[in-house]
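In this text, residue positions in the sequence shown follow my numbering: the first is 4, and each later residue adds one.
Backbone N, C-alpha and C fix where the C-beta goes; we use that ideal spot for every residue, glycine too.
The structure presented is a predicted model; accordingly, all values stated were derived computationally and were not measured.
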Amino acid sequence: MPLRLCGALHALVLTGQTQGLAGAYKRSDASVLRKEISKAIQRHEQHILEWIEHAPQTNEVARSAVLIAGSWFLAALLPDCRFDLLELGASAGINLNFPFYNIEIKNNNFLYEYSDTVCLSPEWRGKQPLRAKLLIGSARGVDLHPLDPTRDGLRLLAYIWADQHERLQRMRAALAVAKRHPVRVDRDDAGHWLSRQLAEPCPHGRLVYHTVAAQYFPTSTRDQVEAALDIAGADTSTDRPLAHLSMESDGGEGAALTLRLWTGGEMHRWSLGRADFHARWIDWQPEEI
């Protein structure tokens, strides 16, 4: 509940409904902040009550840097193959648009293809990624409680705190991209949804991915996701491969980056390295395991 209240208050600031609280956010005076929060709660009771009815939803745009690098790695393995994107735990689908984002990697190596878009600049550690553009078909995601980036932009912004200026800037840019490139996120359990998606015939490849989402899935959902991947993986070929890219906690520093690939026959697996949970740094160390 405290997190929901903080989001409700930040939403008031973002929409310009409380100048006093906006000013207090910029100061480091706890007494002033408490006073302005009290005023805001009294004056905007209805807004706050309605806001806290909904669970917090976030969509970390910076994680798309991992997806971009992972897609390059996959494209280098299968350079002429097209892939449909399937994201689990997609929230508002902001990271379904990673093919339209730009990334800056160390040594002033700007890899820009698009103007007026999201620009990602993680602290890059480890090896320089090999750039090889992945051919993309369709893009679709799933979430138990999906948001619409064209309608729920304020909710996405409000759960980024007021002093996180770069994150706010990235989200605003991502929301603008979503208006130009609308995304589709279905409301469903990830396991049920993926089973149905992978059961559908597909003339080319499919890339299933998720970033800091699997830890929130029930065990039954995780098991069903694995079963769906195993079944679909057994029916692949070099023309119709299945890839699974994950950025998930494994108890080590940050998140583990893992790629699995089925092309007919056995599955191949790579550890791609590690990344901060908000992708502030990426340690790129691809190695087949």
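- Distance check between Lys-130 and each of Leu-147, Gly-276 and Tyr-212 places Gly-276 closest, using alpha-carbon atoms only.
- When the Cα atoms are used, Ala-179 and Thr-120 turn out to be separated by approximately 8 Å.
- If you ignore the 5 residues before and after Gly-194, its C-beta comes within less than 6 Å of the C-beta of Thr-224, Gln-227 and Val-228, all in its own chain and listed in chain order.
- For Leu-159, the enclosing alpha helix (DSSP H) stretches over residues 156-161.
- Of the residues assessed, Ala-177 falls on the buried side of the cut-off, its CB having 16 or more other CB atoms within 10 angstroms.
- As DSSP reads the structure, Ile-55 sits in no beta bridge.
- Using a 10 angstroms sphere on the CB of Arg-66, the tally of other CB atoms reaches 16 or more, which defines it as buried.
- By the 16-neighbour rule on beta-carbons within 10 angstroms, Ala-237 is exposed.
- In its chain, beyond the 5 residues on either side, Ser-249, Met-250, Glu-251, Ser-252, Asp-253, Ser-274 and Arg-277 have a beta carbon closer than 8 Å to the beta carbon of Ala-259.
- Just so you know, the alpha carbons of Gly-268 and Trp-284 end up roughly 35 Å apart.
- Annotated three-state conformation of Trp-164 is coil, per DSSP.
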